[in-house]
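Read through the structure below, which is laid out as structure tokens, and then see the notes.
Number of protein chains: 2
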Amino acid sequence: MRRIAESTVRRLSLYLRFLEEFEQQGAATVSSAALAQRGGTTSAQVRKDLSFFGSFGKRGLGYAVPELAQRLRDILGLQRAYEVAVIGAGKIGSALVHYGGFPTRGFNVRWVFDRDPSKVGASWNGLYVRDVAQLEKDLAARPPEIAILAIPGEGAQAVAERLVRVGVRALLNFAPVQLAVPDDVAVKNVNMALELETLSYALRNR
Amino acid sequence: MRRIAESTVRRLSLYLRFLEEFEQQGAATVSSAALAQRGGTTSAQVRKDLSFFGSFGKRGLGYAVPELAQRLRDILGLQRAYEVAVIGAGKIGSALVHYGGFPTRGFNVRWVFDRDPSKVGASWNGLYVRDVAQLEKDLAARPPEIAILAIPGEGAQAVAERLVRVGVRALLNFAPVQLAVPDDVAVKNVNMALELETLSYALRNR
């Protein structure tokens with residue numbers, strides 16, 4: 001499959017959310033205009049985005065809701081569940097472990113690690129906070145595909161390397177550093193200040 | 001100024017971070033290749049991104065670090081500070097209020113609101129959690145430009161409308177709903193499940 005821009009992948013995720021709402025309401029078809037509104041884009045962009053993956057719609061009839069939803073789940077790799085480890089039991093880690101939006105999408109947080117002895121052993125949402133020093137021991141038998149790094153910048157690269165060595169293949173990184181990982185490991189950086197900068201840009205350039 | 005894609009704005013933010021590191025180290029110039037590495041992109045993309053805003057670099061010499069950093073701060077609206085209100089004193093709200101990355105970028109959280117009487121009155125980082133019922137009264141005299149919605153989906157639209165009425169012009173939205181706001185209000189949605197879906201997509205399509 002050819003490489004698709006991340007901005008396209010994000011719009012596909014938004015279209016899927018809308019399709020699922022439509023599915024629940026029992027709608028059979030949806031127009032590209034309605035999907036565009038959900039994705040904050042244009043009908044032309046929707047048709048272009050979906051055309052990457054084959055032909056779904058019928059001119060004048062719109063898209064078949066359950067079929068398109070199923071195809072998007074397939075494209076996005078959501079036909080299956082993923083196990084997730086959260087590294088860092090601070091405020092961000094806590095928000096993530098308790099976040100209800102993950103399990104409904106098949107992202108199941110199975111481990112939480114921290115290095116702070118006062119946090120290790122605490123129970124969060126039925127999960128025990130584990131000692132990050134034991135990371136290899138705990139994860140080696142069945143490593144999660146995805147790990148979320150919710151730790152400070154110092155040390156993040158070292159922890160990332162340990163996770164990759166143990167078999168983790170995708171990292172969601174909240175640490176304010178660029179991680180160097182092998183090419184076959186996916187990294188997605190989350191930076192809240194950067195999100196606000198897209199707003200300051202919008203305010204500046206109105 | 002012509003409209004710039006959000007993906008470009010995000011890369012400009014990343015370039016700025018790299019330039020500031022270089023500035024601290026006393027570097028006078030930086031190559032487009034080095035900026036590309038930081039932005040997870042190519043030299044050609046860096047040159048294209050920066051060409052939107054005029055000519056900065058000299059062939060063979062690279063970009064002048066302090067000048068380019070200053071210009072990017074200007075483009076991103078970071079030559080000034082912004083006041084920010086956080087709505088929702090839950091786990092995400094708490095992580096945001098305590099997040100050190102905001103003040104260093106000039107985003108100053110001045111208000112936290114919640115509707116839960118057991119939270120109202122608590123002191124967070126020197127800020128008192130206020131009653132969201134009093135939002136208009138507290139913000140009317142000097143409304144913040146930016147508000148962050150860290151509340152559940154139900155009620156988010158109503159709170160957004162109250163914020164807009166009081167004068168807020170940009171919303172960072174963690175609530176899992178599409179907000180309908182006037183055209184002159186900027187909205188940026190943050191959805192952690194969606195971030196993980198860019199990773200499941202990558203895992204699926206390796």
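The listed protein sequences derive, respectively, from chains A and B.
The numbering used here numbers the first residue of the first sequence as 1 and each following residue consecutively.
The numbering used here numbers the first residue of the second sequence as 1 and each following residue consecutively.
Virtual Cβ for every residue (Gly too), placed ideally from N, Cα, C.
Source: prediction; values computed, not measured.
Helix, strand or coil at residue i according to DSSP, with G and I counted as helix
i	result
A/Phe113	strand
B/Leu171	strand
B/Val159	helix
A/Thr104	helix
A/Ile4	coil
A/Glu145	coil
A/Glu154	coil
B/Lys48	helix
B/Ala180	coil
A/Val187	strand
B/Thr198	helix
B/Ser118	coil
A/Arg206	coil
A/Gly39	helix
B/Phe53	coil
A/Gln25	coil
Residues bridged to residue i (per DSSP)
i	result
B/Leu127	B/Trp124
A/Val30	A/Tyr63
A/Glu136	Beta-bridge pairing links A/Glu136 to no other residue.
Residue i Cβ short of 7 Å to the ligand HEM heavy atom set
i	result
B/Glu83	The ligand HEM is not part of this structure, which contains no ligands at all.
Interface flag, residue i vs chain C, CB-CB below 8 Å
i	result
B/Arg38	Although the question refers to chain C, the structure presented lacks it and instead comprises the protein chains A and B.
Please list the residues of the segment 186-198 of chain A that have a C-beta atom closer than 9 Å to any C-beta atom in chain B, keeping them in chain order. Ala186, Val187, Lys188, Asn189, Val190, Asn191, Met192, Ala193, Leu194, Glu195, Leu196, Glu197, Thr198
Interfacial residues, the segment 89-110 of chain A to chain B, with Cβ spacing under 7 Å: Lys91, Ile92, Ser94, Ala95, Leu96, His98, Tyr99, Gly101, Phe102, Arg105, Phe107
With 9 Å as the C-beta to C-beta threshold (strictly closer), list the residues of the segment 40-73 of chain A near chain B in chain order. Gly40
Touching or not, the segment 158-169 of chain A and the segment 128-148 of chain A, by the rule of three or more beta carbon pairs under 8 Å? yes
Could you check whether the segment 181-196 of chain B touches the segment 125-141 of chain A, counting it as contact only if at least three pairs of C-beta atoms, one from each stretch, sit closer than 8 Å? no
Segments assigned beta strand (DSSP E), at least 3 residues, entirely inside the segment 66-104 of chain A: 82-87
Members of the segment 150-182 of chain A near chain B, C-beta cut-off 7 Å: Arg169, Ala170, Leu172, Pro176, Gln178
Which of the residues in the segment 6-36 of chain A, read from start to end, lie with their CB under 7 Å from any CB of chain B? Glu6, Ser7, Val9, Arg10, Ser13
Residues in the segment 117-145 of chain A having any Cβ partner in chain B nearer than 8 Å: Glu145
Taking 8 Å as the cut-off, does the segment 197-205 of chain B touch the segment 71-87 of chain A (at least 3 CB pairs, one atom from each stretch)? yes
Between the segment 106-125 of chain B and the segment 44-52 of chain B, do at least 3 Cβ pairs fall closer than 8 Å? no
Under 9 Å (Cβ pairs) to chain A, residues found in the segment 74-89 of chain B: Asp74, Ile75, Leu76, Gly77, Leu78, Gln79, Arg80, Tyr82, Val84
Is the segment 172-182 of chain A touching the segment 190-198 of chain A, taking contact as three or more C-beta pairs under 8 Å? yes
Are the segment 78-97 of chain B and the segment 85-97 of chain A touching, with three or more C-beta to C-beta distances below 8 Å? yes
Is there contact between the segment 62-69 of chain A and the segment 19-30 of chain A, where contact requires at least three CB pairs shorter than 8 Å? yes
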